[in-house]
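Residue numbers (this note's numbering), protein chains in the order written: chain A, 1 to 168; chain B, 169 to 498.
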Amino acid sequence: MKRKITGMMYAYFHLCKRKLWYSSYNIDMEQDNENVLIGRFIDEGSYSRKDKHLLVDGVINIDYIDKGIIHEIKKTKKMDQMAIAQAKYYIYYLKKMNIDVTEAVIDYPLLKEKQKVLWSDADALEIERNLLEIEVILGREFPPNDYQKKSVCRKCAFFDICYIGGDL
Amino acid sequence: MKQAYYIFSNGILKRNDNTLQLVYEDGQKKDIPIERVDELYILGETSVNTKLLDFLAKNNICIHFYNYYEYYVGSFTPRESLVSGKVLICQVQHNQDHGKRMALAKAVIQAASYNIYRNIRYYNKRGKDLESHMARIENLRDSINYCENIEELMGVEGNIRKIYYDTWETIINQQIDFRKRVKHPPDNMINSLISFINSLVYTKVLSEIYKTQLNPTVSFLHEPSTKRFSLSLDIAEVFKPLIADRLIFTLLNKNMINEKSFDVDQYYLRLKPQALKLITNELDQKLKTTIKHRDLGRDVSYQYLIRLELYKLIKHIIGEKPYQGFKIWW
Ligand code: SF4
Chain A
1 MKRKITGMMY AYFHLCKRKL WYSSYNIDME QDNENVLIGR FIDEGSYSRK
51 DKHLLVDGVI NIDYIDKGII HEIKKTKKMD QMAIAQAKYY IYYLKKMNID
101 VTEAVIDYPL LKEKQKVLWS DADALEIERN LLEIEVILGR EFPPNDYQKK
151 SVCRKCAFFD ICYIGGDL
Chain B
169 MKQAYYIFSN GILKRNDNTL QLVYEDGQKK DIPIERVDEL YILGETSVNT
219 KLLDFLAKNN ICIHFYNYYE YYVGSFTPRE SLVSGKVLIC QVQHNQDHGK
269 RMALAKAVIQ AASYNIYRNI RYYNKRGKDL ESHMARIENL RDSINYCENI
319 EELMGVEGNI RKIYYDTWET IINQQIDFRK RVKHPPDNMI NSLISFINSL
369 VYTKVLSEIY KTQLNPTVSF LHEPSTKRFS LSLDIAEVFK PLIADRLIFT
419 LLNKNMINEK SFDVDQYYLR LKPQALKLIT NELDQKLKTT IKHRDLGRDV
469 SYQYLIRLEL YKLIKHIIGE KPYQGFKIWW
């Protein structure tokens with residue numbers, strides 16, 4: 001059975017493959033991690049006038065769409081590569097549904113910045129390759145051991161479950 | 169910081185907009201901000217209603233009830249908020265497969281008995297002669313590996329515990345004889361103290377289980393039971409020596425609890441409200457004690473050690489890393 005790859009899973013694939021595996025089996029952490037709370041705060045506080053959270057197909061969860069442009073809200077630029085990849089996945093997904101979107105914008109309300117993401121046909125190939133790899137990871141019996149540098153892990157909500165019982 | 173709240177006085181606990189409100193019998197009110205509550209303990213005669221329970225469930229808060237005789241009655245737990253089919257299936261498999269179940273049950277007893285041993289060693293170093301008890305426990309610990317079924321394992325556990333309780337007379341240096349059997353009331357003081365504090369540890373574990381994907385009814389050492397959250401019992405075994413027993417030793421050796429802390433009520437013994445407050449206070453202090461964790465490289469509280477134990481269990485049952493029960497390492 002082919003499973004649906006959500007936008008969050010696609011983003012996690014770019015962040016850390018362990019995180020992808022754990023979260024896809026719903027083994028996620030309690031939501032009291034400070035970073036998670038800040039994220040939710042931004043989410044609830046900004047752009048309140050726009051139509052929010054477009055859940056498409058139960059698979060991708062777009063922050064909002066304005067004049068045919070996908071908007072993603074992020075707190076910092078630390079993971080901007082991931083944000084770009086995620087936005088492209090949204091465009092890809094909508095295109096598959098015959099909704100022709102070709103542009104996304106990543107908003108950083110705390111930094112008062114915006115970043116444009118443009119679509120090219122090469123992106124589709126890249127995404128399809130990633131989706132295949134995601135399938136492989138999810139098919140594994142237990143979480144993969146290729147992971148981030150420990151410095152990145154330190155800020156991750158999964159740190160405790162990853163590192164308890166000794167290093168990975 | 170979230171914390172446990174204990175309610176001793178009689179009254180009504182209710183939802184008042186988005187806070188908890190305690191209304192005492194004399195009409196006085198006390199607000200408890202919901203964000204600060206980790207879990208609730210009802211030790212007085214307190215009325216609650218469904219509106220309150222709904223509010224607690226939404227905020228993922230467990231509420232534990234004790235009756236007039238400080239006997240643990242049960243808990244209201246939020247409908248499960250963290251559920252993982254994968255974890256549940258693996259957990260059940262580890263209960264159903266004899267070999268898998270034994271491996272986990274043994275790991276629990278290994279850890280629990282090691283922690284018991286450490287308690288005795290501590291007092292032995294401080295001039296109480298407990299060498300022979302230590303040696304006998306070491307022998308029994310060696311036999312854990314040879315147990316072929318749960319009954320045998322429970323037998324070894326029972327023997328270890330018998331030797332352990334024999335040392336209490338030496339460890340506890342209160343004047344009063346805590347072991348004497350009192351006919352009226354039928355139970356003795358140390359037993360009511362042990363069962364009250366053990367039930368607190370059990371509920372603490374239960375509250376932590378609810379913060380993970382583990383199912384509290386599927387256990388490995390204890391029989392899964394419809395009456396009790398038996399996984400809580402399993403994990404509590406590991407932590408009782410560190411949390412409950414050491415607390416009991418301190419309370420008695422510092423004379424914080426003594427004969428005067430109890431009321432005799434008909435045929436029962438009850439801890440006086442003052443004693444209850446003192447015990448729950450001391451317990452929370454203990455749970456807040458921090459220790460530098462070797463795997464995580466940062467300070468964690470005793471309470472959080474329980475959560476980490478559950479993470480280790482998850483890693484074991486999904487096949488990632490074999491579970492090693494928590495052993496006091498400092
Ligand atoms: S702690 Fe590190 S390895 Fe674990 S999920 Fe997070 S980033 Fe990945």
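Note that the Cβ used here is the ideal one computed from N, Cα and C, for glycine as well. Bear in mind that the values here come from a model prediction, so they are computed numbers and not experimental data.
Q: Check the DSSP bridge columns for Arg135 (chain B) and list the partner residues they point to.
A: The displayed coordinates of chain B run from 169 to 498. Any statement about residue 135 (chain B) would go beyond what the structure contains.
Q. With respect to 7 Å, is the separation between the Cβ of Lys489 (chain B) and the closest non-hydrogen atom of ligand 1 below this value?
A. As a working note, residue 489 (chain B) is residue 321 in the second sequence. Lys489 (chain B) Cβ: outside cutoff for every heavy atom of ligand 1.
Q: Report, in whole angstroms, the separation of the C-beta atoms of Val369 (chain B) and Ile411 (chain B), which I expect to be a contact under 8 Å.
A: Position 201 of the second sequence holds residue 369 (chain B). Position 243 of the second sequence holds residue 411 (chain B). Sure, about 5 Å apart at Cβ, within 8 Å.
Q.
For Asn423 (chain B), which residues in the same chain have their Cβ closer than 7 Å to its Cβ, ignoring the five residues on either side in sequence?
A. Along the second sequence, read from residue 1 onward, the residue named residue 423 (chain B) stands at position 255. So the qualifying residues of the chain are Gln342.
Q.
Using a Cβ-Cβ cutoff of less than 8 Å, which residues in the same chain neighbour Arg49 (chain A) once the five nearest sequence positions on both sides are dropped?
A. Stepping through the first sequence from its first residue, residue 49 (chain A) is reached at position 49. Residue placement at Arg49 (chain A) is flagged as unreliable, the pLDDT there being 46, under the threshold of 50; the coordinate-derived value follows with that caveat. Closer than 8 Å at Cβ, skipping near neighbours: no residue.
Q) Taking C-alpha atoms, which residue in B:Arg286, B:Asn366 and B:Asn356 lies nearest to Ile328 (chain B)? A) Here residue 328 (chain B) refers to the residue found at position 160 when the second sequence is read from its first residue. When only C-alpha atoms are compared, the closest one is B:Arg286.
Q. Since Ser252 (chain B) meets chain A, which of its residues come closer than 8 Å, beta carbon to beta carbon?
A. As a first step, residue 252 (chain B) must be located in the second sequence, where it is residue number 84. Per Cβ cutoff of 8 Å: Tyr25, Asn26 and Ile27.
Q) Out of curiosity, what's the CA-to-CA distance linking Lys372 (chain B) and Phe364 (chain B)? A) On the second sequence, position 204 is the one that residue 372 (chain B) refers to. On the second sequence, position 196 is the one that residue 364 (chain B) refers to. Answer to the nearest angstrom: the Cα atoms are 13 Å apart.
Q: Excluding the 5 residues preceding and the 5 following Arg349 (chain B) in the sequence, name in chain order all residues of the same chain whose CB lies nearer than 8 Å to its CB.
A: For the purposes of this step, residue 349 (chain B) is taken as residue 181 along the second sequence, with counting starting at 1. Confidence at Arg349 (chain B) is low in this model, with a pLDDT of 48, below 50, so the placement of that residue is unreliable and no value is reported for it.
Q. Closest by CA to Ile496 (chain B), which one among B:Met302, B:Ile284, B:Ile416 and B:Arg396?
A. Your numbering for residue 496 (chain B) matches position 328 in the second sequence. Taking only the C-alpha atoms, the option nearest Ile496 (chain B) is B:Ile284.
Q) What are the boundary residues of the alpha helix (DSSP H) that includes Gly7 (chain A)? A) On the first sequence, residue 7 (chain A) is found 7 positions in, with the first residue counted as 1. Gly7 to Leu15 is the span of the alpha helix (DSSP H), which, as asked, contains Gly7 (chain A).
Q. Would the C-beta of Phe158 (chain A) count as close to ligand 1, meaning under 7 Å from any of its heavy atoms?
A. Working through the first sequence from its first residue, we reach residue 158 (chain A) at position 158. Checking the Cβ of Phe158 (chain A) against ligand 1 gives yes.
Q: Give a yes or no on whether the C-beta atoms belonging to Ser387 (chain B) and Ser398 (chain B) are separated by under 8 Å.
A: As a first step, residue 387 (chain B) must be located in the second sequence, where it is residue number 219. As a first step, residue 398 (chain B) must be located in the second sequence, where it is residue number 230. Result yes, Cβ atoms of Ser387 (chain B) and Ser398 (chain B) sit closer than 8 Å.
Q: Report yes if the C-beta distance between Ile73 (chain A) and Asp63 (chain A) is below 8 Å; otherwise report no.
A: The residue you call residue 73 (chain A) lines up with position 73 of the first sequence. The residue you call residue 63 (chain A) lines up with position 63 of the first sequence. Yes, Cβ-Cβ distance for Ile73 (chain A) and Asp63 (chain A) is below 8 Å.
Q: Verify whether the separation of the beta carbon atoms of Val101 (chain A) and Gly58 (chain A) is less than 8 Å.
A: The residue given as residue 101 (chain A) occupies position 101 in the first sequence. The residue given as residue 58 (chain A) occupies position 58 in the first sequence. In this structure, Gly58 (chain A) does not lie closer than 8 Å to Val101 (chain A) by Cβ.
Q. If you run the structure through DSSP and keep just helix, strand and coil, what is Ser281 (chain B)?
A. For this step, residue 281 (chain B) is matched to residue 113 along the second sequence. Three-state result, Ser281 (chain B): helix.
Q.
Between the alpha carbons of Pro109 (chain A) and Val260 (chain B), how many angstroms are there, rounded?
A. By one-based count along the first sequence, residue 109 (chain A) stands at place 109. By one-based count along the second sequence, residue 260 (chain B) stands at place 92. Each residue's alpha carbon lies about 46 Å from the other.
Q. What in chain B is Cβ-close to Ile134 (chain A), meaning under 7 Å?
A. Position 134 of the first sequence, counted from the start, is the residue given in the question as residue 134 (chain A). In chain order: nothing, as chain B lies at least about 17 Å away.
Q. With which residues is Ile152 (chain B) paired in a DSSP beta bridge?
A. There is no way to answer for residue 152 (chain B), as the model of chain B reaches only from 169 to 498.
Q) Quick one: complete beta strand (DSSP E) runs, 3+ long, within the segment 74-158 of chain A? A) 103-108 and 113-118
(Q) Helix, strand or coil, according to DSSP, for Asn449 (chain B) in the structure here? (A) Taking the second sequence and counting its residues from 1, the one referred to as residue 449 (chain B) is at position 281. Residue state, collapsed to three classes: helix.
Q) Using the rule of at least 16 other Cβ atoms within 10 Å of the residue's Cβ for burial, across every protein chain shown, is Ile277 (chain B) buried or exposed? A) Here residue 277 (chain B) is taken as the residue at index 109 of the second sequence, counted from 1. Classification for Ile277 (chain B): buried.
(Q) Between Glu141 (chain A) and chain B, is the shortest Cβ-Cβ distance under 8 Å, so that the two count as touching? (A) Taking the first sequence and counting its residues from 1, the one referred to as residue 141 (chain A) is at position 141. Yes, contact with chain B.
(Q) Let's test the definition: count the other Cβ atoms within 10 Å of the Cβ of Gly493 (chain B) and tell me whether it reaches 16, buried, or not, exposed. (A) Translated into positions along the second sequence, residue 493 (chain B) becomes position 325. Burial call: buried.
Q | Three-state secondary structure assigned by DSSP to Pro201 (chain B) | A | In the second sequence, residue 201 (chain B) corresponds to position 33, counting from 1. Strand.
Q: May I ask you to check if the CB of Lys78 (chain A) is nearer than 7 Å to at least one heavy atom of ligand 1?
A: Indexing the first sequence from 1 puts residue 78 (chain A) at position 78. False, no ligand heavy atom lies under 7 Å from that Cβ.
Q) Excluding five sequence neighbours on each side, which residues of the same chain lie with their C-beta closer than 8 Å to the C-beta of Arg475 (chain B)? A) Along the second sequence, read from residue 1 onward, the residue named residue 475 (chain B) stands at position 307. The answer, listed in chain order, is Glu376, Lys379 and Thr380.
Q) What is the C-beta distance between Lys440 (chain B) and Asp431 (chain B), in whole angstroms, given that I count them as a contact (C-beta under 8 Å)? A) By one-based count along the second sequence, residue 440 (chain B) stands at place 272. By one-based count along the second sequence, residue 431 (chain B) stands at place 263. Yes, they are in contact, since the Cβ atoms of Lys440 (chain B) and Asp431 (chain B) sit about 6 Å apart, within 8 Å.
Q | Collapsed DSSP secondary structure at Ser243 (chain B) in the structure displayed | A | Numbered from its first residue, the second sequence carries residue 243 (chain B) at position 75. Ser243 (chain B) falls in the strand class under three-state DSSP.
Q) What does Asp160 (chain A) touch in chain B if you count any residue whose Cβ is under 7 Å from its own? A) As a first step, residue 160 (chain A) is located in the first sequence; it is residue number 160 there, counting from the start. Those are Leu464, Leu476 and Tyr479, listed as they occur along chain B.
Q: Please name the residues in the segment 254-280 of chain B whose beta-carbon is closer than 8 Å to at least one beta-carbon of chain A, in chain order.
A: Lys254 and Val255
(Q) Quick test of the definition: if touching needs 3 or more C-beta pairs under 8 Å, does the segment 16-29 of chain A touch the segment 141-152 of chain A? (A) yes
**Q.** Cutoff 6 Å; reference Gln471 (chain B); Cβ partners in own chain excluding five residues on either side
**A.** Stepping through the second sequence from its first residue, residue 471 (chain B) is reached at position 303. Correct list, in chain order: Leu455.
Q) Exposed or buried, what is Met9 (chain A) when buried is set at 16 or more other beta-carbons lying within 10 Å of its beta-carbon? A) Position 9 of the first sequence, counting from 1, holds the residue named residue 9 (chain A). Buried, by the Cβ-count rule.
Q. Beta carbon of Val255 (chain B), beta carbon of Leu389 (chain B): below 8 Å?
A. By one-based count along the second sequence, residue 255 (chain B) stands at place 87. By one-based count along the second sequence, residue 389 (chain B) stands at place 221. No, the Cβ-Cβ distance between Val255 (chain B) and Leu389 (chain B) is not below 8 Å.
**Q.** Contact with chain A by Gln189 (chain B), beta-carbon distance below 8 Å
**A.** Locating residue 189 (chain B) in the second sequence gives position 21, where the first residue counts as 1. No, no contact with chain A.
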